[in-house]
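Sequential numbering from 1 applies to the sequence shown in the working numbering.
We put the CB at the ideal spot given by N, CA and C, even for glycine.
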Amino acid sequence: MGVVILLVMAAGVALMLTRRLPTAFALALLAVAIAFLAGAPLTGKNSVLDTVLQEGAPTLAATMIAIILGSWLGKLLDETGIAGTLVRKIVEFGGDRPTVVALGVLAVSALVGTVTGSAPAAMLAGIIGIPAMIAVGVPKVTAAGTVLMGIAVGIPFELPVWQFFSTALDLPIPTVRGFMVKLFPFALVAALAFVLVETRRRGTEHAWSLKSVDAKPRSRREHLGDAPWYALLAPAVPLVLALGFELAIIPSLLAGVLYALVTTTRPGEMNKRLLRTLYGGFEVAAPPIALFIAIGILLAAVKLPGAVDALEPLVKAVSPHNPVVFVLVFTLLVPLCLYRGPLNVFGLGAGIAGVLIATGIYPAAAVLGMATSYNQVFGVADPTSTQTVWSAQYAGVTPQQVMVRTLPYVWAVALGGLCVTAATYL
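What follows is the structure, encoded as structure tokens:
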């Protein structure tokens, strides 16, 4: 039966790769199929309806709330001009020096990447940053890659991601935070190497410049959308509270929302801005929330006793335990997290992680290290991820071009993360 379950998983991957079904729907259907194959009854204990669907759907509820709050803060950074001001100040400082401008946009991308991921983060940093880089001669592919590599620097400190891995892998937040801190230097060095190498190796290419804003402002701040200098600290507030003071994730994100609001908005306008940006945040958060509901259902299915018993001997037979072999094998398998592949943690990879933990093949902390290392690759180089598609198209290139240019750098990040995992947990 384990072989049949693996074949069903492969069919699910095919449905996602060919885009016959959206990822969330494919994962939910896959979960129901696995539950029936595992011999689960329709209702009752360890059943399809009560355990997989009813209990599985809200499994990642805390992550969903964190996603909503992160999206809410992201909308505030956009509407209040905080993100735009950060990018403009960096561009003004960099002048006509391509490398300096690119490094500045990289820093801003990393900062907004700690608040919200995916396309919203790319847009916050890239709407101004990408044309500004191209205007001073940064090649288009490098400009798109710089924003993505910057977001990847912020991913280890993205609080909703901490919550996701904590809930999905049943690990305490301090464990997740501890590994993310270890992963951060690899992401930072790779991003800096990308900018320094690619901007110099490719030379300058002057293509098109940032268009001026057609408006009739009453002041320079309204024209540029400048936020007060103290408001620019808003993206760092949740991170400082969660990392420095070890405050819980949801209160940290709420504090960031309140700080961004109070430092940019007049008292009489606060209510309207709060509601407007909150509703906008829900719109941004809807796709990942649907995905996390499906992932929760899949995790419940692969943890059923029948599924564990069927898959345990097969997975044990192919899972390396020697630390060196572990690093070599899973480094070679990095491409399987691309194109919504089986090791993509925001897809079938979540189910595989659940199997590895439920069967006791690897400790949960080792699975965390593997999953977060792969997530660094997916977040930058996957041509199907929304942030990669948006950044590439906005820069005027294809997602595949961005993948080819960035993949060597993020592959090295995954290698570093896997080495730390093997040395620490195996």
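Does the beta-carbon of Val-87, which I'm using as the reference point, lie nearer than 6 angstroms to any heavy atom of the ligand FMN?
This structure lacks the ligand FMN; in fact it carries no ligand of any kind.
Contact check, Gly-145 vs Val-402 under 8 angstroms by CB: the rounded distance?
6 angstroms
Would you kindly check if the distance between the Cβ of Ile-67 and the Cβ of Leu-159 is under 7 angstroms?
no
To the nearest angstrom, how far is the alpha carbon of Leu-69 from that of Leu-254?
7 angstroms
Apart from the five residues just before and just after Ala-24, which ones in its own chain have a Cβ nearer than 6 angstroms to its Cβ?
Ala-290, Leu-291, Ala-294
I'd like to check one pair, Lys-303 with Ala-358: are the Cβ atoms closer than 7 angstroms?
yes
Could you name the residues of the same chain whose beta carbon sits closer than 7 angstroms to that of Thr-331, not counting the 5 residues immediately before and after it, in chain order?
Ala-414, Leu-415, Leu-418
For Arg-266, which of helix, strand or coil comes out of DSSP?
coil
Hey, Gly-84 and Ile-130: beta-carbon distance below 7 angstroms or not?
no
What is the DSSP secondary structure of Gly-354, reduced to helix, strand or coil?
helix
Using 8 angstroms as the cut-off, can you tell me whether the stretch 150-165 makes contact with the stretch 372-381, which would need three or more C-beta pairs spanning the two stretches below that distance?
yes
Considering only the alpha carbon of each residue, which of Gln-393, Thr-421, Ala-132, Ala-365 lies closest to Gly-95?
Ala-132
DSSP-derived helix/strand/coil call for Glu-92
helix
What is the C-beta distance between Pro-342 and Val-13, in whole angstroms, given that I count them as a contact (C-beta under 8 angstroms)?
5 angstroms
Within 10 angstroms of its Cβ, does Glu-269 collect 16 or more other Cβ (buried), or is it exposed?
exposed
So, at 6 angstroms on beta carbons, what are the nonlocal neighbours of Gly-104 in its own chain, with the 5 sequence-adjacent residues on each side left out?
Ile-90, Gly-94
Can you tell which of Thr-263, Leu-338, Asn-322 has the C-alpha that lies nearest to the C-alpha of Asp-382?
Leu-338
Determine the direct distance from the alpha carbon of Asp-309 to that of Gly-244, and round the result to whole angstroms.
42 angstroms
State yes or no: is the C-beta of Leu-15 within less than 7 angstroms of the C-beta of Ala-33?
no
Measuring alpha carbon to alpha carbon, tell me which of Ala-168, Gly-379, Pro-172, Gly-56 ends up nearest Tyr-409.
Gly-379
Since Ala-371 and Leu-426 should fall inside the 8 angstroms C-beta cutoff, what is the C-beta to C-beta distance between them, to a whole number of angstroms?
The pair is not a contact, with the Cβ atoms about 15 angstroms apart (cut-off 8 angstroms).
Pull up the distance between the alpha-carbon of Leu-275 and that of Met-180, whole angstroms please.
33 angstroms
Please confirm whether Ala-125 and Ser-109 have their CB atoms less than 7 angstroms apart.
yes
Between which residues of its own chain and Ile-352 is the CB-CB distance below 6 angstroms, once the five residues before and five after are set aside?
none
Considering Pro-58, what are the terminal residues of the alpha helix (DSSP H) in which it resides?
Pro-58 -> no alpha helix (DSSP H), and no H or E assigned at all.
Pick from Thr-424, Lys-182, Pro-238, Trp-72: whose alpha carbon is nearest that of Ala-286?
Trp-72
Cβ neighbour criterion (16 or more within 10 Å) applied to Arg-20:
exposed
Of the residues Asn-344, Val-141, Gly-39, the one placed nearest Pro-305, counting alpha carbons only
Gly-39
Among residues of its own chain, excluding the 5 on either side of Thr-63, which ones have a beta-carbon nearer than 7 angstroms to its beta-carbon?
Pro-160, Gln-163, Phe-164, Thr-167, Phe-292
Using CA atoms only, rank isn't needed, just tell me which of Trp-411, Lys-140, Leu-233 is closest to Phe-395.
According to the sequence provided, residue 395 is Ala. The question's Phe does not apply to it. That would be Lys-140, whose Cα lies nearest to the Cα of Ala-395.
Apart from the five residues just before and just after Leu-6, which ones in its own chain have a Cβ nearer than 8 angstroms to its Cβ?
Leu-311, Leu-314
Flag this pair as yes or no: are the beta carbons of Ala-122 and Trp-390 separated by less than 7 angstroms?
yes
Counted within 10 angstroms of its Cβ, other Cβ atoms place Tyr-259 as buried (16 or more) or exposed:
buried
Suppose contacts are defined by Cβ-Cβ distances below 7 angstroms. Is Thr-263 in contact with Tyr-230 by that definition?
yes
Looking only at its own chain, which residues have a Cβ that is under 7 angstroms from the Cβ of Pro-320, when we skip the five neighbours before and after it?
Phe-326, Val-329
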